[in-house]
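From first to last, the protein sequence lines stand for chains A and S. Take the first sequence: its position 164, counting from 1, is numbered 164 in the numbering used here, and each next residue is one higher. Position in the second sequence (from 1) plus 1000 gives the number in the numbering used here. All C-beta atoms, glycine included, are put in the ideal place defined by N, C-alpha and C.
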Amino acid sequence: MTTSRSITVNHLSVNYRDIQALRNINVTVQPGQLVGIFGPNGAGKSTLIKAMLGLMPVITGIVTYGEDYLAHQLERVAYVPQRSHIDWTFPATVWDVVMMGRVSKTGWFRRFSAVSRQLATASLERVDMLEFRDRPIGALSGGQQQRVFLARALAQEAELFFFDEPFVGVDQKTETVIFKIFRELADSGKIVMVVNHDLGESITYFDQLILLNKELVAAGPRDWVLTRENMSRAYGGHIGFFGHAA
Amino acid sequence: MVATLGSLAMRPELALLNWFFEPLQYSFMQRSLAVAIMVGIICSVVGSYLMVQRLALLGDAISHSVLPGLAIAFWLGVNIFVGAFVAGVVSTVLIAWIPRRSPIKEDAAMGIVFSAFFALGITLITTIQKDTKIDLNHFLFGNVLGVTPAEVRDTAIIAGLVLLTVILLYKELLFYSFDPLGAKASGLPTDWLNSGLMVLIALTVVASMKVVGVILVLSLLIAPGATAYLLVPRLHQVMMLGAGVGVVSSVSGLYLSYYLNLPSGPAIVLVVSILFGLAFLLSPRYGVLTTPVTSRGSSLWQRLLALGR
């Protein structure tokens, strides 16, 4: 069954311009999990998902999904980059961006099918952005832009979802919508991996945490990872974090 | 026939028609117009990608870099379009390679590579100029009134290739130019798409040399798309309106050149620059004169009107 496949990261090391960004990361992620990737600035959180997807070169390491390399199965992947990586003055409408999620599935030299348009419409509806479909993306708020990207990821019909800092600069309504959809995706057997840096209340939404600081500090169930010792190893002991006594 | 035209010219609307059709009786003007229209279209379409990816300087770099290829091709007796294209591609590869293998940034690499190629091109052309009737100025500033039927044919082939590629790869190139990482993560071969885009730019520059020359081609690549970008919100609309702007500029520039005896390349560039200026001032969404200066204030245009009262 496809839903029983997991992601395995084996001995992953990455350099960024001769500086070691990640050192010997080993992690396994089971299907149906909502995974938060946490750590201080420069801990290599974004680098981890980019390296897992083959978006940047690695020094050593193998990342598999099921029986094959993850980077060979990108048609199963939806990836949403940091909002700051995107030029929001680009001449495109909400609809144009969501339809980008259907490009790979559509294939070369073909037009988008009616099914693709229905999927895009349904995805926009799910993030409550359908009425904005003809708006230029530059005319949206940060939260609306992030929901459009979430709709694009949904339209991809992926099994694996990777989000880089999706909660930066978004409003409360957007955060609620995004977490609700993350939960639904995980509950339907998908894997959702989210780079985050906010150690606030929202951390309780995640099933599993990966705590990084250039190397793996801890990974596993939330309560198991969130110990005082792990946090001070990751953040250097100066963190004003008092856990969430369950 | 001449007498008839002369008497018709009395009526103003026919005088205008006459003004329009008179240059067309010359076959050199027909050829120039055909080439100028095709170049106006493909420059605007391909240049739109440069604009949205903030790669305007790369367009400038490629256009300056074609010169040595052109000179070598001329010297060897090969089709100069082929030579220029090869040089354009080689320079693009070098520009991409230098920042990858050293701490030099891409814009510095562009500056180094394109001026080196440009200097080599000028040196080669001045050297072979002595033995042949090749004219450096024609490459630098264009010589659209001197296009040969073979060049019209070559331009048509390039324009067809470029437009067909853009239409066939439109959705992939849109995704790639908007969000290269997202496109790569969805499995698109983004390195190939990027190379394809560079080839399109090189082809377009090569086809445009005759019209505006390598120094001014950047204007035809960027200004029509930038003008349209101020007026319409989607990339394909930017390309289509930009193509309209490009064609209007090329054609009216040529007529200005014919009637006022101006150099044709600069005339075309001046027209497209004026059109951009108009959009910059008067665009309904972004115009300096038409949009409010502050959130609650009136537009500059309204203030000027108020001053007049």
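DSSP three-state assignment for residue i, whether helix, strand or coil
i         : result
Phe1114/S : helix
Pro1099/S : helix
Thr227/A  : coil
Pro1266/S : helix
Leu211/A  : strand
Leu48/A   : helix
Ala92/A   : coil
Gly236/A  : coil
Asp87/A   : coil
Pro1284/S : coil
Gln82/A   : coil
Asp1154/S : helix
Gln20/A   : strand
Thr121/A  : helix
C-beta contact flag for residue i and residue j at 7 angstroms
i         : j         : result
Ser1264/S : Val1144/S : yes
Ala151/A  : Ser113/A  : no
Phe1175/S : Met100/A  : yes
Val14/A   : Thr47/A   : yes
Ala1185/S : Val77/A   : yes
Asn196/A  : Gly32/A   : no
Pro1224/S : Gly1213/S : no
Val1238/S : Pro136/A  : no
Val170/A  : Gly143/A  : yes
Leu1168/S : Phe109/A  : yes
Leu1278/S : Leu1289/S : no
Leu12/A   : Gly44/A   : no
Leu1197/S : Ser1283/S : no
Asn213/A  : Ala234/A  : yes
Val94/A   : Arg133/A  : yes
Leu74/A   : Gly1187/S : yes
Leu1275/S : Thr1227/S : yes
Gly1088/S : Ala1159/S : no
Ala1071/S : Ile1125/S : yes
Val97/A   : Ala120/A  : no
Val1147/S : Ser1032/S : yes
Ser1177/S : Gln1025/S : no
Val6/A    : Thr28/A   : The sequence given here has Ser at residue 6/A, not Val. Yes, the Cβ-Cβ distance between Ser6/A and Thr28/A is below 7 angstroms.
Residue i to residue j span [Cα, whole Å]
i         : j         : result
Pro1180/S : Leu154/A  : 19 angstroms
Ser1208/S : Leu1120/S : 20 angstroms
Ile49/A   : Val1199/S : 31 angstroms
Asn26/A   : Val9/A    : 5 angstroms
Glu159/A  : Val1035/S : 50 angstroms
Tyr1255/S : Glu1022/S : 10 angstroms
Asn230/A  : Val217/A  : 6 angstroms
Met1/A    : His1236/S : Any reading at Met1/A needs caution, since the residue's pLDDT is 45, under 50, leaving its predicted position unreliable; the model's value is listed next. The alpha-carbon atoms of Met1/A and His1236/S are separated by roughly 42 angstroms.
Ser232/A  : Tyr205/A  : 22 angstroms
Lys173/A  : Glu131/A  : 16 angstroms
Ser1257/S : Ser1027/S : 16 angstroms
Asn41/A   : Leu199/A  : 13 angstroms
Ile1157/S : Leu1304/S : 50 angstroms
Leu1281/S : Gly1287/S : 5 angstroms
Arg1011/S : Phe1085/S : 49 angstroms
Pro1292/S : Ser1298/S : 5 angstroms
Glu1172/S : Thr60/A   : 31 angstroms
Leu1218/S : Ile1037/S : 16 angstroms
Lys1210/S : His72/A   : 46 angstroms
Ala1109/S : Asn1194/S : 18 angstroms
Asp1131/S : Asp1154/S : 26 angstroms
Arg117/A  : Lys105/A  : 12 angstroms
Pro1266/S : Val58/A   : 50 angstroms
Glu201/A  : Leu1307/S : 57 angstroms
Leu1017/S : Leu1055/S : 41 angstroms
Near the ligand SAM: residue i beta-carbon under 6 angstroms from a heavy atom
i       : result
Ile37/A : In the structure shown, the ligand SAM is absent, as is every other ligand, since no ligand is present at all.
Supposed close pair residue i, residue j - CB separation, criterion 8 angstroms
i         : j         : result
Arg147/A  : Val103/A  : 20 angstroms between Cβ atoms; not a contact.
Leu70/A   : Phe182/A  : Not really, about 20 angstroms apart at Cβ, beyond 8 angstroms.
Phe1118/S : Leu1057/S : Going by Cβ atoms, the distance from Phe1118/S to Leu1057/S rounds to 14 angstroms, so no, they are not a contact pair.
Ser1091/S : Ser1065/S : 3 angstroms
Ser1249/S : Ile1222/S : Not quite, the Cβ-Cβ distance comes to about 12 angstroms (not below 8 angstroms), so this is no contact.
Gln145/A  : Trp88/A   : 6 angstroms
Ile1080/S : Val1205/S : Actually they are not in contact, since the Cβ atoms of Ile1080/S and Val1205/S sit about 13 angstroms apart, beyond 8 angstroms.
Val1082/S : Ala1096/S : Going by Cβ atoms, the distance from Val1082/S to Ala1096/S rounds to 22 angstroms, so no, they are not a contact pair.
Trp1075/S : Ile1122/S : In fact, because the Cβ distance is near 14 angstroms, the residues do not count as touching under 8 angstroms.
Val194/A  : Leu209/A  : Not a contact, Cβ separation roughly 10 angstroms.
Phe163/A  : Glu175/A  : Not quite, the Cβ-Cβ distance comes to about 12 angstroms (not below 8 angstroms), so this is no contact.
Gly958/S  : Gly1069/S : Residue numbering for chain S in the displayed model covers 1001 to 1309; residue 958/S lies beyond these limits and cannot be assessed.
Does the region 1226-1242 of chain S come within contact of the region 1038-1050 of chain S, defined as at least 3 CB pairs closer than 8 angstroms? yes
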